[in-house]
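Following: one structure in structure tokens, then a few remarks.
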Amino acid sequence: MGIEAEYAERHPNSRRLAERARRVLPSGVTHDARYLRPFPVAVERAAGSRKWDVDGHELIDYVMGHGALLLGHAHPVVTEAVVRQAQRGTHYGAGHELEVRWAELVCGLVPSAEAVRFTSSGTEATLMALRLARAATGKPAVVKFERHFHGWHDYVVAAARYDGSAPAGIPEEALGTVVVLPVDIAAVRETLASRKDIAAVIVEASGASMGTVPLPRGFLRELAGICRDAGVLLVLDEVVTGFRWAPGGVQALEGVRPDLTALAKVLAGGLPGGAVAGRADLLGLLAFPEPGKPRGVKVGHPGTFNANPLSAAAGVACLQLVSEGEPQRTASARARALREGMNSVLRDLDIPGAVYGQASVFRILLREGVEPPDGDSDGLDLPDDALAAGTESETLRLLHLAMICRGVHLFGNGGILSAVHTSEDIARTLEAWREALLALRAEGALPGDDA
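Here the working numbering is used: position 451 in the sequence shown is 452, and no number is missing along the way.
Written out as structure tokens, the structure reads:
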């Protein structure tokens, strides 16, 4: 039986739910990353590092709430905080102590955070960060880097895809305010020297798409210096890396002090939430004028669910638990063991490719001409053209199906670990990885195979 046929046979309830979903949801999904042919697996509950689909199969989860669940599913402390708050009210339409405590925690952990403004998502956080930068400088344009992902609003989708294109529906006027550069310091220096309309440079702290194409060593520090010398604001997108790479994010590890930082995911402990943090004078553009003082620039920012009590409760509970760094160290160590083990399997089976990543993230690259690393890899030792090209989409699709059939749920071109993944999870995943690769080989679906 082929991979797709086995998947369909094992998941009749997911198939039926997908058929219902397609009647009311475009392609039957609510996020592009959840689309999968012939249909995605549907989940009914989750706990720790595991989740269970509607057909009763247990899955080791490497989606981890798209990176939001550093502490795993339904962590008892976070869950208790959310339940307790739900009983006290979900939306006050007023300020509350939890939002203040949440902001205090962010300012205490993130080196550049002098003040915070909460949003409901990472997309909203990058949107507000760029708006603040434009308001502060009076300049219209921003620089972003090829394939770096900062959400789905009009000002960051240019060249976010791997084919370099922008999605439909984006006005040319919006695209015209965005300068897309390769990850090249010389190109940044030349652009900032020649153009005087640049308000900010925004960069994904991990490198493109959660570290799929990692940044060169020292790039962020050089970039910060160039921006400072040019009088251009630096916006560091730590939506993924914030509180996951370290309690203070990549900026704490690299010694970089951006002007503004976008945060989300771990920030809200698995509930919806984002934030812009940074210099007090820049966040001060959101403030109302004091009586008797001259009226300056005021950037408006409503948002029904900004810092809502449920998200604030989860965020406070989560940040308190991760503030000392032990969950990050545990998750990163497990991820390193997984990457090393997956590379060992590639070498044993003589399959061209690599598993690489940073912190608690792993990325899978199956491609001719790529030698499996002897141990762990952050990706910087891999060919740039191979990293950019990635795994062929059909190979990746079949890998997803094969891994799900063997009890493992991947995320995109890899996965994300939590602090509650165990050595048993790693061992079972490595068994599934070996079996899935052999299944792909049997179908002629691996690089270099003749299908």
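Ideal Cβ placement from N, Cα and C applies to all residues, glycine included.
Burial state of residue i (16 or more Cβ within 10 Å)
{"i": "Pro41", "result": "buried"}
{"i": "Ala169", "result": "exposed"}
{"i": "Phe289", "result": "exposed"}
{"i": "Lys266", "result": "buried"}
{"i": "Gly301", "result": "exposed"}
{"i": "Arg16", "result": "buried"}
{"i": "Val84", "result": "exposed"}
{"i": "Val233", "result": "buried"}
{"i": "Gln88", "result": "exposed"}
{"i": "Thr120", "result": "buried"}
{"i": "Ala114", "result": "buried"}
{"i": "Thr305", "result": "exposed"}
Opposing strand residues paired with residue i [DSSP bridges]
{"i": "Thr262", "result": "Leu237, Ala278"}
{"i": "Ile417", "result": "Val362"}
{"i": "Phe289", "result": "Per DSSP, none; premise fails for Phe289."}
{"i": "Gly243", "result": "Ala247"}
{"i": "Val202", "result": "Val144, Leu235"}
{"i": "His410", "result": "Asp62"}
{"i": "Ala209", "result": "Val214"}
{"i": "Arg51", "result": "Ala48, Ile61"}
CB contact flag (residue i, residue j, <8 angstroms)
{"i": "His401", "j": "Ser50", "result": "no"}
{"i": "His74", "j": "Lys52", "result": "yes"}
{"i": "Glu341", "j": "Asp377", "result": "yes"}
{"i": "His410", "j": "Leu26", "result": "no"}
{"i": "Glu205", "j": "Pro183", "result": "no"}
{"i": "Pro112", "j": "Ala253", "result": "yes"}
{"i": "Phe244", "j": "Leu418", "result": "no"}
{"i": "Leu381", "j": "Arg218", "result": "yes"}
{"i": "Gln321", "j": "Leu106", "result": "yes"}
{"i": "Thr192", "j": "Val180", "result": "yes"}
{"i": "Ala134", "j": "Val143", "result": "yes"}
{"i": "Gly270", "j": "Gly123", "result": "no"}
Reduced DSSP category for residue i - H, G, I as helix; E, B as strand; rest coil
{"i": "Ala187", "result": "helix"}
{"i": "Met2", "result": "coil"}
{"i": "Ile470", "result": "Lying before the first or after the last residue shown, residue 470 is absent from the chain, which here runs from 2 to 452."}
{"i": "Ala313", "result": "helix"}
{"i": "Gly109", "result": "helix"}
{"i": "Ile352", "result": "coil"}
{"i": "Tyr163", "result": "With a pLDDT of 46 at Tyr163, under the threshold of 50, the predicted position of this residue should be treated as unreliable, though the coordinate-derived value follows. Three-state DSSP puts Tyr163 in coil, outside helix and strand."}
{"i": "Asp230", "result": "helix"}
{"i": "His74", "result": "strand"}
{"i": "Val30", "result": "coil"}
{"i": "Thr192", "result": "helix"}
{"i": "Tyr357", "result": "strand"}
{"i": "Phe220", "result": "helix"}
{"i": "Gly66", "result": "helix"}
{"i": "Glu45", "result": "strand"}
{"i": "Thr392", "result": "coil"}
{"i": "Leu381", "result": "coil"}
{"i": "Thr453", "result": "Missing from the structure shown is residue 453; the chain here goes from 2 to 452 and no further."}
{"i": "Val179", "result": "strand"}
{"i": "Leu37", "result": "coil"}
{"i": "Leu367", "result": "strand"}
Residue closest to residue i, alpha-carbon to alpha-carbon, out of the options
{"i": "Val277", "options": "Met65, Glu239, Gly249, Arg296", "result": "Glu239"}
{"i": "Lys140", "options": "Val157, Thr178, Pro112, Glu174", "result": "Thr178"}
{"i": "Arg102", "options": "Asp426, Gln88, Leu72, Val317", "result": "Val317"}
{"i": "Ile171", "options": "Val158, Val181, Ala22", "result": "Val158"}
{"i": "Phe412", "options": "Ala69, Ile186, Gly3, His97", "result": "Ala69"}
{"i": "Thr262", "options": "Val236, Pro273, Leu284, Gly249", "result": "Val236"}
{"i": "Val371", "options": "Pro310, Asn344, Leu397", "result": "Asn344"}
{"i": "Ser210", "options": "Gln86, Leu106, Gly415", "result": "Gly415"}
{"i": "Val346", "options": "Thr138, Pro384, Ala428, Ser333", "result": "Ala428"}
{"i": "Asp386", "options": "Pro215, Asp56, Leu272, Phe150", "result": "Pro215"}
{"i": "Asp56", "options": "Gly449, Gly66, Glu45, Asp62", "result": "Glu45"}
{"i": "Glu436", "options": "Glu425, Pro448, Glu444, Arg407", "result": "Arg407"}
{"i": "Val323", "options": "His97, Gly250, Gly279, Arg280", "result": "Gly250"}
{"i": "Trp153", "options": "Leu366, Met129, Met404", "result": "Met129"}
{"i": "Leu1", "options": "Leu383, Gly354, Leu110", "result": "Any answer about residue 1 is impossible in this case: the structure gives the chain only from 2 up to 452."}
{"i": "Gly297", "options": "Pro39, Asp282, Glu10", "result": "Asp282"}
Short CB-CB distance (under 8 angstroms) between residue i and chain C
{"i": "Ser394", "result": "The structure shown contains no chain C, having only a single protein chain."}
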